[in-house]
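My numbering applies: residue 5 is where the sequence shown begins, and numbers increase by one. Down below is the structure, laid out as structure tokens.
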Amino acid sequence: MYVDEHPGSEVTTIWLHHGVGSTRAWESVLPGAAAGRRSIAYDRRGFGRSNHDRAFTTAMFDEDAEDLRTLIRGAGGSPVHLIGHSDGGTVALLLAARAPELVVSVAVIAAHVRGDEVTVATLRRMGPPAQWPEPMRRSLRRAHGEDWAVVAGGWHTLWTSPEWEGWTIVDEIVAIGCPVYTMHGLHDTLAPPLHAEAIRDAIPAARIAWVDTATHEPHRVEPERFAADLESLWRDAEGGDG
């Protein structure tokens, strides 16, 4: 997998991109938002500058969680802060539930925790990636290269299939014991508010930051708030003010 690392102090922060994104999605965020901590961003298998030879199935999140476990151990094995957007947030939550010894805190943005009709209907209305607006197609080409349509098409086909109807990780995330934070748009139709509410119900101590926006990228609407919330989460999780 392609990995982009910025040096800094411990505890290491690991950044997981959204569904059809890549490490390039964090370019305007890192290393600043890491607040002096070491940061690692990587392209999940099938995306960006990582190998594109991947079958997209509902096993994707399980596979990605195992890849993340391997990456943490390869990066030193010390517990880390996880930050994940959308699909990346789902992966972060799964690993925190399955390998608590590797995770100090989890921050997610517009993450999915179960199948829902709103997300699927929104993606179906958008149509296949070849029909998406030119700015989106340009961004996908920059993220994934000339086979961007194959990458995005595989992901879109999976997310619009009936396979998601019974999918859920809610029963798993109740096991998460580390501090959890989620930022979510109040009017997001790619990840409706029910997902943040499900996280809160499963993890009552989770912090939720609502943003009055329809965008799937609330952290870009309120970047200063997002950075401040991360720093507060990390300080509390590390057990002190310094």
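Yeah, the Cβ is synthetic: ideal placement off N, Cα and C, and Gly gets one too. As the structure is a computational prediction, the values presented were derived from the model and not from experiment.
Sub-8 Å separation of residue i and residue j beta-carbons
i	j	result
I76	I18	yes
I207	H188	no
T74	V117	no
H85	V108	yes
G49	D66	Correcting the residue identity first, residue 49 is Arg in this sequence and not Gly. No. Outside cutoff.
A103	C182	no
T217	L190	yes
A200	T186	yes
Straight-line Cα distance separating residue j from residue i
i	j	result
D245	G40	Confidence at D245 is low in this model, with a pLDDT of 47, below 50, so the placement of that residue is unreliable and no value is reported for it.
D248	D68	As shown, the chain starts at 5 and ends at 246. That puts residue 248 outside it, with no answer to give.
S54	G23	14 Å
R141	P133	7 Å
A202	D175	10 Å
D205	F230	22 Å
D192	L106	31 Å
E150	G25	15 Å
A179	G243	21 Å
L162	D233	33 Å
R146	G92	19 Å
W159	A210	29 Å
W238	L194	27 Å
M5	E226	30 Å
V3	T94	Residue coverage of the chain in this structure runs from 5 to 246, which leaves residue 3 outside it and unanswerable.
A115	S82	25 Å
I87	P137	28 Å
A153	H21	18 Å
E228	P222	11 Å
E169	G157	20 Å
A100	S143	30 Å
Nearest-angstrom Cβ-Cβ length linking residue i and residue j, presumed shorter than 8 Å
i	j	result
L97	I177	5 Å
A37	H10	Their Cβ separation, rounded to whole angstroms, is 11 Å, which puts A37 and H10 out of contact at 8 Å.
G52	P35	Wrong, their Cβ atoms sit about 18 Å apart, outside the cutoff.
T16	A79	6 Å
P196	D120	6 Å
D8	T27	5 Å
Could you tell me which whole alpha helix (DSSP H) segments of length 4 or greater appear in the region 170-203?
With a minimum length of 4 residues, the continuous alpha helix (DSSP H) runs that stay inside the region 170-203 are 174-177.
Three or more C-beta pairs under 8 Å: does that hold for the region 55-66 against the region 127-146?
They do not touch, by the three-pair rule.
Just list the alpha helix (DSSP H) runs in the region 40-123, keeping only unbroken ones of 4 residues or longer that don't cross its boundaries, in chain order.
Listed in chain order, the alpha helix (DSSP H) runs fully inside the region 40-123 are 64-78, 91-102, counting runs of at least 4 residues.
Going residue by residue through the region 200-234, where are the continuous alpha helix (DSSP H) segments of at least 4 residues, counting only ones entirely within it?
Runs of the alpha helix (DSSP H) lying entirely within the region 200-234 and spanning at least 4 residues, in chain order: 222-225.
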